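**Student:**
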Amino acid sequence: MLQTNLKHVESEAQYNEILQNNENVMICCGRMGPMCVPVYDAMEDLENEYPNVKFYDMEFDIPDAHVIRNLPECRGFMGLPFTVYYKNGKVVKATTSLQNYEQIKEILDAEFSN
Amino acid sequence: MEDKQYDIIIIGGGPAGLTAGIYSSRAKLKTLIVDTGTIGGQMILTFEIANYPGVQNTTGFQLAKTMKNQAKSFGCDILSNVKLTDVEFKGKIKSVTINNKDKYSARAIIWATGGRSRMLNVPGEKKFKGRGISYCATCDGDFFQDKEIIVVGGGNSALEEAVALTKYASKVTIVHEFDHFQAFEHAVQEAKKNPKIDFIMESHVQEFTGDTSLEKVRIKNLKTGKITEMTIDGAFIFVGYEANNDFLKDKEIELNDWNEVVVNSNYQTSEEGVFAAGDALAKRYRQITTAVADGTIAALNAMEYINRK
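As you go down the protein sequences, you meet chains R and D in turn.
Under numbering that gives the first Met the number 0, the first sequence has 69 at position 70, and the numbering climbs by one with no breaks.
Under numbering that gives the first Met the number 0, the second sequence has 236 at position 237, and the numbering climbs by one with no breaks.
1) In chain order, what residues of the same chain lie with their CB nearer than 8 Å to the CB of V38 (chain R), ignoring the 5 residues before and after it?
2) Closest Cβ-Cβ distance between M57 (chain R) and chain D: below 9 Å?
3) Between which two residues does the alpha helix (DSSP H) harbouring T289 (chain D) extend?
4) So G40 (chain D) and G13 (chain D) are supposed to be a Cβ contact under 8 Å. How far apart are they, rounded?
5) Quick one: is I226 (chain D) buried, meaning 16 or more other Cβ sit within 10 Å of its Cβ, or exposed?
6) Are the C-beta atoms of Y134 (chain D) and some chain R residue less than 9 Å apart?
7) By the three-class DSSP mapping on this structure, what secondary structure does S269 (chain D) have?
8) Does the beta-carbon of G224 (chain D) have 16 or more other beta-carbons within 10 angstroms, so that it is buried, or is it exposed?
9) So which residues of chain A does T37 (chain D) contact, with C-beta pairs closer than 8 Å?
10) What residues from chain R crowd round F60 (chain D), counting only those whose CB sits closer than 7 Å?
11) Suppose the cutoff is 6 Å on Cβ atoms and the five residues either side in sequence are ignored; what does the same chain contact list for E110 (chain R) look like?
12) Nearest-angstrom Cα distance between L247 (chain D) and V238 (chain D)?
13) Given that F274 (chain D) touches chain R, what residues does it touch there, using C-beta distances under 8 Å?
14) Under 7 Å Cβ to Cβ from M42 (chain D), same chain only, skipping five residues before and after it: list those, please.
15) Where do the ends of the beta strand (DSSP E) carrying S116 (chain D) lie?
16) Our contact map puts G294 (chain D) next to A111 (chain D) with C-beta atoms below 8 Å; I'd like the distance itself, whole angstroms only.
17) Based on Cα-Cα distance, which residue from D:P122, D:E201 and D:I149 lies nearest to S133 (chain D)?
18) Hey, quick one: how far does the beta strand (DSSP E) through L78 (chain D) stretch, first residue to last?
19) Suppose only complete runs of 3+ residues qualify. What are the beta strand (DSSP E) ranges in the segment 169–201 of chain D, listed by chain order?
20) Do G131 (chain D) and I231 (chain D) have their beta-carbon atoms positioned less than 9 Å apart in this structure?
21) Evaluate the contact criterion for the segment 46–55 of chain D versus the segment 89–103 of chain D: three or more CB pairs, one atom per stretch, below 8 Å.
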């Protein structure tokens, strides 16, 4: 399990349930590596600022992470983490590799502002 | 606008800033650390740390977390992922404004903003970041199993990571701008004896191209001017570091030609009461241990400065 203060997605069933029950979701799928840790950290800080968004992480190497790894929107991704943004269960944005706080905020504002 | 008073404000939360925070808050000085990114700085970007004395083997993430908790345990306030809007370095009371609204004042400032990996700044580099271009072999190496890649650079990182990447890649070509490497001889020898590694010397990467993922690189030979195109699956870039001092351009603080902060023997900058530490400084060796030493010295001098006033 990833050592973050975020809520973790640990199975495909939980993933489906989260997407079914929440309008705006951001999931960062990675490891505890140099490019991933800053994204988790930014997400932890952004949780309070965006109460309308549910923030989760998911361990890249668990078998059920295929739900992220095999998304068509992640085809061609070759840099961790894979970060995916969902609105009403549909992928609206996906990024590969490190994104900083400002870049993440920009996406949240663009995709999830009411 | 909120205004909070501190004794010392440290700008930057890498090993230098955190160490300065530990020393000053332990000395009962009201201390604030602000960072525009994740606390830990470049430490976070290091997977394994095996040469930090007293700690046998750790990760950058773990060491950063320990230092952060240590600073907090002494009462140091820490703010991460903030936008640094303004810094007033002049006068007896300095001020730091973040997020365009929160103003913090202090009697001394320690500038410890560290450095960042240098980019090549060539066409296609941004577009293919994470789609074939990487800056972290440990993170992304396994995406390149049995693929052909290039490593750009000629220092220790480039040579060591090129060797490490041969665990995955079928072929690694090192592209370097000079006719010799800057890396330590043992790293050069390791790379040279590896049958999977080729070398293209005295050459510059000009452009990365592809459709949705990286497919080709254009390389210019600096001696002949000849440009060749190479089909590749990936590129790892290790071309050194630069100081995070962009904010100081056009400010009172003296910088050298490489945009690094110039300090005196007390780690004080050209502005009284403004000290600097870590990779933001003009110095030769950039290690966690040297940043920690800088942070200690800067904090002790800042404390002495405050006590004298």
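Ideal Cβ placement from N, Cα and C applies to all residues, glycine included.
Bear in mind the structure is a predicted one, so any value in this text is a computation, not a measurement.
**Tutor:** Reading from the atomic positions:
1) C27, G29, P80, T82, L97, Q98 and I103
2) no
3) I287 to R307
4) 2 Å
5) exposed
6) yes
7) coil
8) exposed
9) Protein chains R and D are contained in the structure displayed, whereas chain A is not.
10) M31 and V36
11) Y84, V91 and K92
12) 23 Å
13) What F274 (chain D) touches in chain R: nothing, since even the nearest Cβ is about 26 Å away.
14) G13, P14, G59, L62, A63 and I287
15) G114 to S116
16) 6 Å
17) D:I149
18) D76 to L78
19) 170–174 and 196–199
20) yes
21) no
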